[in-house]
Amino acid sequence: MVCVWRRNGEMRDMKALSLHPYYATLIAAGEKHIEYRSWSTPYRGLLLICASQYNDGPQFPRGYALCIVNLVHITGGNRKYAWHFDPEVVPIAPFPVKGKIHLFDVPDEKITVLYETGTDHFIDFDTAYSLWIDEGI
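Counting in full-length UniProt numbering, the sequence shown runs from 1 upward without gaps.
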């Protein structure tokens, strides 16, 4: 089951963050909850995690949006910031994204959340990863 992403019934732009594919995949798998950056942001809330074009190996998707996480807080300072994500990861149908430096906006209508068939439960990472492989991502 799929559902186009809507927040409070309306379409908006979602903030996105581009990372090396290896790290983006770890976040999508729910195995990485902190991302280290040399910069901070006042933004807190939902973030679309995107894999950059960097080549981390053929097993990692490049140039795709992979999931949604909630940025809950940022700690640190002096160009060493730890971005803390809520452990719940929202799986999405991957779609091509051209990453940018710092946060950037992606229209909500491009985002499709993946649920288990006939339920309101998100699919697990192994199922999502299998879909990525089936789609040739």
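Glycine included, C-beta positions come from ideal geometry on N, C-alpha and C. Computed from a predicted model, the values in this text were never measured in an experiment.
Counting along the chain, no beta strand (DSSP E) covers Phe122, and no H or E run does either. Contiguous alpha helix (DSSP H) elements confined to the UniProt domain "ASCH" (17-75) occur at 21-28, taking only those with 4 or more residues. The Cβ-Cβ distance between Asp13 and Val113 does not fall below 8 Å.
Counting every other CB atom within 10 Å of its CB across the protein chains shown gives Val97 a total of 16 or more, marking it as buried. In the three-state reduction of the DSSP assignment, Leu103 falls in the coil class, being assigned neither a helical nor a strand state.
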